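Chemist:
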Amino acid sequence: MIVEAQNDFNWFNIQFAPYTDDVTQNDEHDCFIDYDDPSWYVYAVALGKNQSIYGFFFVGEMIDLDEDGKLPNRTFVGFLNYTGDLTTIDCSNFNLIISYVDGNFIHQEHLVMTTDPLGLIAYGFSNLFTFSYTASTGNLAVYENNSLSPSTPFLPYAVDYDGSRGIIAGFLKNNQNSRIKYNATIILFSIDASTANATPIILLKYPTNGTTWQAGQTNAGADKNDPKFDMSVSINPTATQVLIGIQSMNTVFLFNYTTTTLTLVTSIDKGRGIGFGKGVAWLNDTLNSVAILANVYSTSYVWSSSKIYVYDSPLTSASKPISIFPNNEQPLYSYMSSVFLNIITTPTELVLLAAEGGLFVILSAHSGNYSSTIGPTVEAVPAFSSSLPCMPGTYKNATGIRRCLLCPTGTKNDGTNLTITTCINCAMNTFCSLGSVSDSISNDQLSNVTQALAYPKSPDITGLDDILFFTLFSISSSARCVALSPIFWTLIVAAIIIVIVSVMLVIKYCLKNPTAVNSYELCEKIFKQTDIIREGNMWVGGLATFCVIVLCVSCCVFSAKYYSSYPIETAGPSTYTCDTSIRNAQFSSSLRSLSVPDTENIQGMMGLLNDQEVNLNVSFLNTVYNCTSDAVTLTYLLGTTWIPVSPDPFCVSSSYTVSYNARLPFRSITVQLTLPNTYPIGGLRIGLSAPGKNKSSTATLQDLSFSQTFNQSGRLLGQDARITLQVTKVINTTNPLVNGDDEVLSGIWIGSFSVNYDESFMTDTDYLNAPPKTSTILTLTISETPYYILNEQSPIARLPEIIYHDFLYITMIIGMFVLIFVIVEVMILPCVGSLIRKCSRNADDKYRTDSSRQSVSDHDNAENSIYHSNGQQSKMASLGLHLLTIILGMLFIFSGHVKLTPKFFPEQHTHMKNEFGKFNKEFPFYRQTGWRPYAKNYRLTIGITEVTCGFLLLLGFSQTLANLVLLMVMTNAIITFQKLNYPIKYTGTFIFISLLLLLRLGLASRSKVKQSVKPIEAKIEDKAK
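For the sequence shown, my numbering begins at 1 and goes up steadily by one.
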């Protein structure tokens, strides 16, 4: 039986069992019994937990009396008993027994009442008296004193009684000088029904710890009827435990009690605030399931709403609720206030008393079902819940009033089998998030579709000379790279040449056969014709020429293929060299402001991007939503108004994934998708798509199609998800390979998503604490960045530059071989000859005598031969010096030109400008002098020096001075490279050039010595004559 005293209507609203969600059937078991006196104001009604008769007690006061006057018969106590048939309720079969407290008492601010478990005797407590009222006899016993605290005023707020012992909670007044005016107090007591004299057994004051935040409360005003000081008490006689809620401390206490002791088991403190513990109740005496009412107050203590926390296990300080009412599955009954005054339980049901007099009864539901609190479509008091199956993605494995729980990560429940009370495991490698309904989605299907690829990085080496050198003069370890290496084939040819030279030397010095001699002379003549190294003077030079040809042909073939490897979009892998990624392309990427006007071509591409119509694609993953039963609403924000997107989104659903596609009215927009109900959603995929367009052969708008999947392990999509998308224009320009051709442009949008997973995705705890909602809302904000990305691709070398560098490279190869021959003839062969002459000297005098017998003519012939040989060596050294001087002069003129002006070689000039921006920071004398030149002045000085010295070398003026200056410039460069930690491939070129300068300096010094010796030799010869 459920009883509510409705003072506004002066009646008792009585609902008899059985309880059902059928409004018509409930009306047949409902009675409204008028008060016997319209001056009654009922404070409380009470029934026994194990009620043996169909009656209830009530207590109250007469209204319209002076509150401060001590008047008799102010307080009344009554018993209303039903004596009719329970099958067919007859509301006329109620008997009323009423008694009045005849003592002279003022108005009672604090008056609480309870009964024994059978509902036979009622016990009442106020701050001035206690009473007991026996229903069978109508005897009212009044003890005209506060027997629980005779010496100190005690204000009772809540009480419960198990038949032998009771627990009462209230405030005990402190002395006048105390900072804390009232202490929260809990008293274990016994009471004599015949005299209504209550005997306190244990008295506990709170807070017990003076360092807690609760200790700072004075509780001033507790003597008045203020809801913020309300307390609650609920006894579990089976477990001999008692719950006590003190909402002013925001705490609920759990005690064990006996006939003589009261022991604290645990407490739940919700932190600084008030409201937690407004009501407490045991949902099941044997399973320790409890419900706690918590009120939500504003900072000014305005009562705004209420929540009910359900705990399904023995309480501890770390206990977490298994359900919080109201929630998404169990919303608040539409005709009921969100503020609850109290909660009351039967063994399996929970009764809610709302602020405006509404009653709602949450009936227990079996496993696999939950108690739906939507209630009837009409207003009913009381209203009852109904039992519904758990929605897909959730489960409930116990009977009770709580909600269904989300399936843990890795498990699922599609809701098709209503007999299942637990979730089942998902298959391996499937997307099975928190609250999953299916495992039909593979993890591989969660990959993102992106069109935003990293723009290529320019190669480390962008100088064509360096590229040629390191490509043609390197051998890697792999068989393929060895086979493609020009130096390898040069070595093969060199090995063949060594064999040919060996054979010809054997023929010349070991064989006297005329045929062999003729063959030697023929080969010698042929090889001299091919000699470009020694200008036809040496047959060995003719053989070495073949090595030169291999390197030169390799240079030309590589250059031709390298030239055609541009742009990268049309060039395949570079199979002609070891590094297949090498391309005749360098790249730059920069951010440009949209507010700064750019070239006409760029502006045209921006126009194409701005005019591209965009489609929004949204997919909800692992959810029971579908296109037929759940109509989505898509709106966009225009000013402050949400306007529907037209036409309606196109919907496709399959494999527990529902997808929506809609054309957006404009790009920078805020759209909102609203899905009815709050079914679990495991993940989300959002993307944009749009068709491309070819405006011309040089301007292409690319197709737009990108998407990103949002999901997180242990979370599901929240009921109010917010995601932002920033789109950026990307314009790719390809500079022409041939000067004068048009540049090629392409444009595309790229997107960058941003989401706060803590805000837009929920854990199990977040889902439990989430405020109840009737729909799932996704808000997407799309905006454009105030800049665009410009990617530029340009060739490293165009055809004229390649031809010029090939010419320099071929010249260098020939000069290198000439230099090798010069070194051999000028330095190595004389040393070898001298060594041979020393070894061939005879130590014996006999051999000297024999040698002295040679004719004078033979001696003269030998001298002539030596003189001729020395003259030939001198001529070769001079030729090598001149050739080396020409090569170095041209090299430094080119190098200085690149540093001085962008004409002819703009890319190399830009590279030099960037490099000198680094070089001036490591100026050699900066640490000693504290001075360093500006990068521009530094570059111009070095460039002018190289050009000047190059011309001096070519023109023959002050060549030694120019050589020394250039050697200092190279030394400075090598030191700078070492400070900047440049790799050896950069430093090696400058070391090689420095060695050439040193060689040239040595050859020049030797040539001057020989030039000064010639006049002296001539004078000696003249005197001899």
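We put the CB at the ideal spot given by N, CA and C, even for glycine. Fair warning: this is a prediction, and the values are worked out from it, not measured in the lab.
1) Going by DSSP, which residues form a beta bridge with Met-113?
2) Cβ of Cys-404 within 8 Å of Cβ of Cys-423?
3) What is the rounded straight-line gap between the Cα of Trp-303 and the Cα of Tyr-297?
4) With DSSP as the reference, identify every bridge partner of Ser-590, one or two as the case may be.
5) With DSSP as the reference, label Pro-156 as helix, strand or coil.
6) If you scan the segment 190–261 from start to end, which runs of the beta strand (DSSP E) of 3 or more residues do you find wholly inside it?
7) Tell me the DSSP secondary structure of Thr-670 in three-state form.
8) From Asn-13 to Ser-653, what distance separates their C-alpha atoms?
9) Could you give the distance in angstroms between the alpha-carbon of Phe-16 and the alpha-carbon of Thr-628?
10) Among the residues of its own chain, which have a CB less than 8 Å from the CB of Cys-547, if the five just before and after it don't count?
11) In whole angstroms, what is the alpha-carbon distance linking Asn-413 and Asn-622?
12) Could you check where the alpha helix (DSSP H) with Asp-766 kicks off and where it finishes?
13) Taking only the alpha-carbon atoms, compute the straight-line gap between Gln-176 and Thr-212 and give it to the nearest angstrom.
14) Taking C-beta to C-beta, are Thr-75 and Gln-108 nearer than 8 Å?
15) I'd like to know if the segment 529–537 and the segment 554–571 are in contact, where contact means that at least 3 CB-CB pairs between them fall below 8 Å.
16) Indicate whether Phe-1044 and Ala-973 have their beta-carbon atoms separated by less than 8 Å.
17) Spatial neighbours of Lys-773 within its chain, please: C-beta separation below 8 Å, excluding the five flanking residues on both sides.
18) Per DSSP, what kind of secondary structure is Asn-284 in: helix, strand or coil?
19) Do Tyr-257 and Ile-167 count as a contact pair if the criterion is CB distance below 8 Å?
20) When the Cα atoms are used, what is the spatial distance from Tyr-395 to Ser-372?
21) Measure the beta-carbon distance from Gly-48 to Leu-118 and round it to whole angstroms, keeping in mind my assumption that it falls under 8 Å.
22) Tell me the residue span of the beta strand (DSSP E) that contains Cys-31.
23) I'd like to know if the segment 134–142 and the segment 189–200 are in contact, where contact means that at least 3 CB-CB pairs between them fall below 8 Å.
24) In the DSSP assignment, the alpha helix (DSSP H) including Cys-552 goes from what residue to what residue?
25) Starting from Glu-61 and walking both ways along the beta strand (DSSP E), at which residues does that stretch end?
26) From the DSSP output, read off the bridge partner residues of Tyr-636.
27) Just how far apart, CA to CA, sit Arg-939 and Leu-1001?
28) Apart from the five residues on each side of it in sequence, which residues of its chain come closer than 7 Å, Cβ to Cβ, to Leu-172?
29) Determine whether the beta carbon atoms of Phe-710 and Gly-683 lie at a separation below 8 Å.
30) If you drop the 5 nearest sequence neighbours on each side, which residues of the same chain put their C-beta closer than 7 Å to that of Asn-1028?
31) Tell me whether Trp-749 sits in a helix, a strand or coil according to DSSP, three-state version.
32) Looking only at its chain, what residues have a beta carbon closer than 7 Å to the beta carbon of Asn-7, apart from the 5 residues adjacent to it on each side?
33) So, using beta-carbon positions, are Lys-1039 and Ile-322 closer together than 8 Å?
34) Determine the burial state of Ala-862: buried for a count of at least 16 other Cβ atoms within 10 Å of its Cβ, exposed for fewer.
35) Would you list the residues sitting across from Asp-720 in a DSSP beta bridge?
36) Just to confirm, are Leu-388 and Phe-340 a CB contact at a threshold of 8 Å?
Modeler: If we stick to the structure as given:
1) Gly-124
2) no
3) 5 Å
4) Leu-790
5) strand
6) 197–206, 231–236, 241–246 and 251–257
7) strand
8) 50 Å
9) 42 Å
10) Thr-490, Val-493, Ala-494, Ile-497 and Phe-817
11) 11 Å
12) 764–769
13) 23 Å
14) yes
15) no
16) Only positions 1 to 1025 of the chain appear in this structure, which leaves residue 1044 out of reach.
17) Asn-328, Thr-678, Gln-719 and Asp-720
18) strand
19) yes
20) 14 Å
21) 5 Å
22) 30–34
23) yes
24) 539–564
25) 55–62
26) Ile-643 and Val-671
27) 26 Å
28) Ser-149, Thr-152, Phe-154, Tyr-182, Asn-183, Thr-185 and Lys-205
29) yes
30) Because residue 1028 is not part of the residues shown, which for the chain are 1 to 1025, the question remains open.
31) strand
32) Tyr-41 and Val-42
33) Any question about residue 1039 goes unanswered here, given that the chain covers just 1 to 1025.
34) Residue placement at Ala-862 is flagged as unreliable, the pLDDT there being 44, under the threshold of 50; the coordinate-derived value follows with that caveat. Exposed, since its Cβ has fewer than 16 Cβ neighbours within 10 Å.
35) Ile-777
36) no
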